[in-house]
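2 protein chains.
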Amino acid sequence: MNPSYLLFDVGGTDIKSALSDNEGNLSDIRRVPTRRGTPNPAEALVDQLHTLGTELIAGSTLATPESVGLLVCGIVDEDKGLGVFSANLGWRDAPLRHMTSEAFSLPVGFGHDVSMAGAAELHFGAGATLGSKVNNAVMLVIGTGIAAALFVDGHAVSAGGYAGELGHAAVPGGLKCPCGAHGCLETIGSAGAIAKRYSAASGTQVRGAREVLEAMHAGDPVAKRIWDEAIEAIAFSIAQLCASIAPETIIIGGGLAQAGEALLEPLRRSVRSKLSYHREPLIVPAQLGEDAGLRGAFLKAQEARA
Amino acid sequence: MNPSYLLFDVGGTDIKSALSDNEGNLSDIRRVPTRRGTPNPAEALVDQLHTLGTELIAGSTLATPESVGLLVCGIVDEDKGLGVFSANLGWRDAPLRHMTSEAFSLPVGFGHDVSMAGAAELHFGAGATLGSKVNNAVMLVIGTGIAAALFVDGHAVSAGGYAGELGHAAVPGGLKCPCGAHGCLETIGSAGAIAKRYSAASGTQVRGAREVLEAMHAGDPVAKRIWDEAIEAIAFSIAQLCASIAPETIIIGGGLAQAGEALLEPLRRSVRSKLSYHREPLIVPAQLGEDAGLRGAFLKAQEARA
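The listed protein sequences derive, respectively, from chains D and Z.
Position 59 of the first sequence, counted from 1, bears residue number 221 in the numbering used here, the numbering being contiguous throughout.
Position 147 of the second sequence, counted from 1, bears residue number 309 in the numbering used here, the numbering being contiguous throughout.
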């Protein structure tokens, strides 16, 4: 029988879980809120994963999983299997790989949610059509916050789990950030910031960046200003990367990427205006959508089995 | 007899040349102006290297060199042996490795001047005392301009030669740059910019950043402002790196590093003030001084022989 894998993508808001076959085809995808505010966040998480996993396996016609793929948010030490730090979920230096392996009595492949969503995009998504152009690539995930997966000379960059925190790099015009720093990209360039800043500036509460885009298309000058400032800030951060690690490809994912060319076209224009002899990157949309994390968890699960 | 190597470090202003033994001990170090403004800059360079090398070998008691180590400035494709582009020296896609190998009938190890000065610092200098702290490191060379060698997860970053161009990343308050972009770090944070901006602001022509530092120590408020703005700009760029590739160590080299703690102490303070949960890097001075490039050329020459 075809081997199967048990997959988890743990974010600050939701846990996505699924089973997959040996080719990474997902089945039984479920999304539930991440349990929060418990005194022992790592134990609570593994408990929750165990319940979810047991239900998934019981309800499935696939073979019993050979291994688990587990991705978590925050600062992650993949080599040591540690959740180093999660501002949202509260653990510090939690041995999540070992704990999950004990819970399921299975090997666990462990990684960072955004890094592995990027790896999945390179493997199954945008990267599959771009060939060697992804040897130096950045997957920028723009949603409530902003994070990135960096690939340099064909290697995923880890730097002990601290790499790719682009949402917390300063940009001109950036604001005071809950993280404690000032001017972070996330305070102006994220989908969350676009909605929040438009609500404050217009007096009209909106639920998301989509409504700001619609207001802009309807001629609202405040919406246009907020949208343009977000793009300018994202372009600033991309231009910084062009001068440091010089990616050939920038893959834009996350909720804001659903804006399509309304985001990408002015973003390309703004990046180009900031470069001189630098190498100008291709800027393309992500292709895997919200399942990128689970596909990345599959890559980790397969690694753990081998 | 101990093998010897012929070494060249080609900058926009000077060519440094030397011989070395098998341990990288340099001898017969010479520095001559780079020939400029010729119609065929690549041919003119190789001619000049041939003359220099022939004289060096004739005057030395070392064995005939086993190989050549050649570093050049600009955008360099190490794999293909090409000088891709040099704004100062004028070549484009010049097969400098092959041309130099033909001229000397010797194998040539070829690299980028700043990248290999960084590799030499890691191998012989600051890195030798820092252990694994240089797996993720940046060597920032601050002189007339600013460039960097990046090391990520134990690998030197190349990105086709486009990596490490930190002098041409934008910073708040940065000015129009001769490169064609706006706001480049080099326009405010380089030794060249410090001298130029102080001369313009004070009406007193100075020859270098050292005189600005002396004026600051003597209580000149204009000198203090220019110096502080330079440090603030350099710190901004370092903080950007902390959010993207998260170096554990920043090694500061180039002429400005001669200021020692007058540079490093406020730089550390300014970087720290910009970080929150990011990993704070050690900021240390380079140890090899102006011979770092030749020591890097030795590493390349040794590679080419092997």
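By construction, the Cβ of each residue, glycine as well, lies at the ideal position given by its N, Cα and C atoms.
Sub-9 Å separation of residue i and residue j beta-carbons
i	j	result
C235(D)	D183(D)	no
H285(D)	L461(D)	yes
I356(D)	V374(D)	yes
P269(Z)	V319(Z)	no
I396(Z)	L437(Z)	no
E152(D)	A454(D)	For chain D, the structure presents residues 163 to 468; residue 152(D) sits outside this window and is missing.
M301(D)	A290(D)	no
R198(D)	I177(D)	no
T196(D)	Q210(D)	yes
A380(D)	T366(D)	no
C341(D)	Y439(Z)	yes
L232(D)	F313(D)	no
A332(Z)	Q420(D)	no
S179(Z)	G221(Z)	no
V172(Z)	L251(Z)	yes
D255(Z)	F247(Z)	yes
G273(D)	A281(D)	yes
A424(D)	G271(D)	no
A279(Z)	R457(Z)	yes
G174(D)	I237(D)	no
S406(D)	I388(Z)	no
L168(Z)	A463(Z)	yes
Contact set for residue i: own chain, Cβ-Cβ below 6 Å, skip 5 residues either direction
i	result
L224(D)	S166, L181
G417(Z)	G305, A353
Q449(Z)	G287, A288
D382(D)	none
R467(Z)	E228, S229
S189(Z)	L181
L337(D)	T349
C339(D)	C346, T349
Where residue i falls: helix, strand or coil (DSSP)
i	result
I396(D)	helix
T411(Z)	strand
G186(Z)	coil
L450(D)	coil
C346(D)	strand
D171(Z)	strand
S320(D)	coil
D488(D)	Because chain D is modelled from 163 through 468, residue 488(D) falls outside the range shown and cannot be assessed.
P443(Z)	coil
V368(Z)	coil
P201(Z)	coil
P482(Z)	In the structure displayed, chain Z extends from 163 to 468; residue 482(Z) sits before or after that span and is not available.
S438(Z)	coil
Residues bridged to residue i (per DSSP)
i	result
F272(D)	L232(D)
D239(Z)	L244(Z)
A380(D)	Answer is none; A380(D) lacks a bridge partner.
V300(D)	L312(D), I412(D)
K462(Z)	In the DSSP output, where bridge partners are listed per residue, K462(Z) has none listed.
D176(D)	P195(D)
R254(Z)	F247(Z)
K338(D)	H344(D)
L181(D)	L168(D), S189(D)
A281(D)	A281(D) is not bridged to any residue.
A332(D)	C346(D)
Close beta carbons around residue i, own chain, < 8 Å, minus the five adjacent residues each side
i	result
G307(D)	G329, E348, S352, G354
P447(Z)	A288, I413, I414, G415, A419, G422, L426
V384(D)	Y360, A363, S364, A377
L258(D)	A204, L207, V208, L232, V234, G243, L244, G245, F272
D315(Z)	N297, N298
Same chain only: Cβ atoms within 7 Å of residue i, ignoring 5 sequence neighbours per side
i	result
L292(D)	T411
A321(Z)	none
E391(Z)	G335, I350
H260(D)	G243
Any C-beta of chain A under 9 Å from that of residue i
i	result
F398(Z)	Absent here is chain A; the protein component of the structure consists of chains D and Z.
Exercise. Decide yes or no for the touch test of the segment 401-412 of chain D against the segment 281-297 of chain D: beta carbon pairs closer than 8 Å, at least 3 of them.
Key: yes
Quiz item: Any contact of the segment 340-353 of chain Z with the segment 436-445 of chain Z, i.e. 3+ C-beta pairs under 8 Å?
Solution: no
Exercise. Indicate whether the contact test is met: 3 or more Cβ pairs, each with one atom in the segment 201-211 of chain Z and one in the segment 419-433 of chain Z, closer than 8 Å.
Key: no
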